[in-house]
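Chains A and B are the protein sequences, given in the same order.
Per the working numbering, the first sequence starts with residue 224, numbered consecutively.
Per the working numbering, the second sequence starts with residue 259, numbered consecutively.
All residues carry an ideal CB built from backbone N, CA and C; glycine is no exception.
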Amino acid sequence: MTMVFDDPGETAEEFPVRKIRFSINGKKKMAEIEPRLLLADLIRRGAGLTGTHRGCDTTNCGACTVLVDGRAIKSCTMLAVQVDGREVTTVEGLASASELHPIQEGFRQEHGLQCGFCTPGMMMAAKDLLDRNPDPTEEDVRWALSGNLCRCTGYQNIVKSVLWAAEKLRAEA
Amino acid sequence: MFPSRFRYEAPRTLAEAIGLLADGGDYAKVLAGGQSLVPMMKLRFASPELIVDINNVPGLAYHRADPDGSLHIGALCRHADLEFSNLLQGTQPTMAAAAPLVADPLVRNRGTLVGSLCHADPQGDWASVLLALGGSVIAQGPGGRRAIPLAEFVTGPFQNVLSHDEIAVEAVVPPATGIRAGGYLKLERRVGDFATVGVAVAIETSGSGVVRAGIALTGVGGSTIGATDAAAALTGKPLTAGSIAEAAELAAAAARPRTDHRGSAEYKRHLVSVFVTRILGGTAAASTEANAERAA
């Protein structure tokens, strides 16, 4: 992974590039980054994983949601340097080589997306919920997704998709 | 958007963090959850030269009740830790009510209670809750620790009394002298928006009635407002429909709301009295009194 920065000239020494080690979707990575780089940019531009979407860029919409050490967070609101030594999971980490994750399957079965822009964030917030609570009520799902905005679906089918996935995961367990 | 350049340090001990802050002067900021600081840095409302990230300092992620009944919340205790805490259910009704209403679930996974207090946003939920509970902040600096009551901690919008080389390491809720009751209600246009109005009520009752009361208001003034007259109207007597109505009126009078896109000043002031009435009317103490009144 190579990243290119503006040379700040004389102040270069004051703003050293930091070396970090982290894992993304189970793969170990190293990076040299400026401390002000946001996690969303490390993922999208550094690691080339563009499934994580950048929506509002102001901590509102949740399209950039990823898991850090298993917890769903907004990657536009965390410094990349903070994942040093931590595990990042993006939407690309859900599916296996041969099959979709039950959450992804749920979104297909229940028509949980229209334009698809919010979908990766919805799925990662749902992953956090289902890891914590395998048998959520509709209210639990709506609560857990309340930090993720969708402008197409009216949320109805997104909620159904997550409930579908919960049932599938329980059946598999 | 991305922040302006800064130096980043991630110390492993509090002493090291405090040393870095002392060297960094007024241009250093502590980074805990970052859910207010990072957005402000992206918008360039804040451009610190040094960020001291305390996330790698061990032993700050706790919240615990001590044998004396006091509650202690460490600087890295996330909102979600409190939302899903079994400790708060039953013993800390005002805190348990507020925890799920802070921001949204994703922000709650990252943001911290102590960070919210330090950020001192007039629309922050926790400052009202801790003010109503008579809480304090423990600050640690080169000279040791000191406890700062919430009422003195926040000095204005986005301002607190911490010295540049101090870190807020813990928030403390003192032990109750009676049985705790109360709650937190907030009106927001949608989840994650700033509060239109928030009201925190914390009372303690014993046989004779209310032995301690605290009421604080979110988002209806230039800083978190302690409605001390309203709280005084409840104290030292049984909780009745009359005392609730008086407290609601006094709390509304303490509010200093401004008309904006979230509503008119009059509307917000009205909501303060509605929320005080709703929270107190929903407490067990109030229903016991109501039953007694009906029986008589």
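query                                                                                                                                                                                         : result
Check distances from the C-beta atoms of the region 306-329 of chain B to those of chain A and list, in chain order, the residues that come in under 9 Å.                                     : E307, I309, D311, N313, N314
Over the uninterrupted beta strand (DSSP E) stretch that includes S246/A, give me the two end residues.                                                                                       : 241-247
Pull the bridge partners of G332/B from the DSSP assignment, please.                                                                                                                          : E428/B
Please identify the residue among A320/A, I243/A, A349/A, T312/A whose C-alpha is closest to the C-alpha of F330/A.                                                                           : A349/A
Check V530/B in the structure and name its three-state DSSP category.                                                                                                                         : helix
Secondary structure at P343/A, three-state DSSP: helix, strand or coil?                                                                                                                       : helix
Using a Cβ-Cβ cut-off of 9 Å, state whether E257/A counts as contacting chain B.                                                                                                              : yes
Across the region 379-393 of chain B and the region 473-481 of chain B, are there enough close Cβ pairs to call them in contact, namely three or more that are closer than 8 Å?               : yes
Can you tell which of W366/A, L368/A, D358/A, C373/A has the C-alpha that lies nearest to the C-alpha of W387/A?                                                                              : D358/A
Hey, quick one: how far does the beta strand (DSSP E) through H377/B stretch, first residue to last?                                                                                          : First-last for H377/B: 371-377, but that is the alpha helix (DSSP H), not the beta strand (DSSP E).
Distance check for G335/A and Y378/A, CA to CA, integer angstroms please.                                                                                                                     : 8 Å
What's the C-alpha gap between V431/B and G472/B?                                                                                                                                             : 12 Å
If you pair each beta-carbon of the region 284-294 of chain A with each one of the region 337-357 of chain A, do three or more pairs fall below 8 Å?                                          : yes
For R259/A and R470/B, what's the separation of their Cα atoms in angstroms?                                                                                                                  : 47 Å
Helix or strand or just coil, what does DSSP make of Q379/A?                                                                                                                                  : helix
Using DSSP with H/G/I as helix, E/B as strand and the rest coil, what is Q398/B?                                                                                                              : strand
List, in order along the chain, the chain A residues whose C-beta lies closer than 8 Å to that of N367/B?                                                                                     : R294, A295, I296, D351
Under the three-state reduction of DSSP, which class applies to E333/A: helix, strand or coil?                                                                                                : coil
In chain A, which residues lie less than 8 Å from P269/B when you measure between Cβ atoms?                                                                                                   : By Cβ distance, chain A contributes nothing, its closest Cβ being about 13 Å from P269/B, past 8 Å.
Name the chain B residues that come within less than 8 Å of A303/A, Cβ to Cβ?                                                                                                                 : Here the premise fails: no neighbours, minimum Cβ distance about 10 Å.
Nearest chain A C-beta to V449/B closer than 9 Å, yes or no?                                                                                                                                  : yes
Compare the C-beta of T182/A with all C-beta atoms of chain B and state if any pair is closer than 9 Å.                                                                                       : Within the shown structure, residues of chain A are numbered from 224 to 396, placing residue 182/A beyond reach of any answer.
Is it buried or exposed for R520/B, if we count other Cβ within 10 angstroms and need 16 for buried?                                                                                          : buried
Given a limit of 9 Å on CB to CB distance, which residues of the region 409-423 of chain B reach chain A?                                                                                     : none
Please report the straight-line C-alpha distance between G291/B and T493/B, rounded to a whole angstrom.                                                                                      : 37 Å
Give the straight-line distance between the Cα atoms of R438/B and P496/B, rounded to the nearest whole angstrom.                                                                             : 14 Å
Please go through the same chain and pick out, in chain order, the residues whose beta-carbon is closer than 7 Å to the beta-carbon of A434/B, but skip the five residues on each side of it. : G327, E462
Please classify E362/A as buried or exposed, where buried requires at least 16 other C-beta atoms within 10 Å of its C-beta.                                                                  : exposed
Excluding the five sequence neighbours on either side, which residues of its own chain have a C-beta within less than 7 Å of the C-beta of L391/B, listed in chain order?                     : T352, V431, A460, G472
Just grab the DSSP bridge partners of S464/B for me.                                                                                                                                          : G467/B
Alpha carbons only, please: which of L301/B, A280/B, P325/B, V387/B is nearest the one belonging to R263/B?                                                                                   : L301/B
Rounded to the nearest angstrom, what separates M224/A and N314/B at their Cα positions?                                                                                                      : Reliability of the predicted coordinates at M224/A is poor, the pLDDT of 45 falling under 50, and no value is obtained from them.
Can you check whether the CB of D324/B is closer than 9 Å to the CB of L330/B?                                                                                                                : Note that residue 330/B corresponds to His in the displayed sequence, not to Leu. Contact: yes.
Output the distance between the C-alpha atoms of L408/B and A319/B, rounded to the nearest integer angstrom.                                                                                  : 21 Å
Check whether chain B comes within 9 Å of M224/A, counting only Cβ atoms and requiring the distance to be less than that.                                                                     : Note that M224/A scores a pLDDT of 45, beneath 50, so its modelled location is shaky and nothing firm can be said.
Along the chain, where does the alpha helix (DSSP H) that runs through K300/B open and close?                                                                                                 : 295-300
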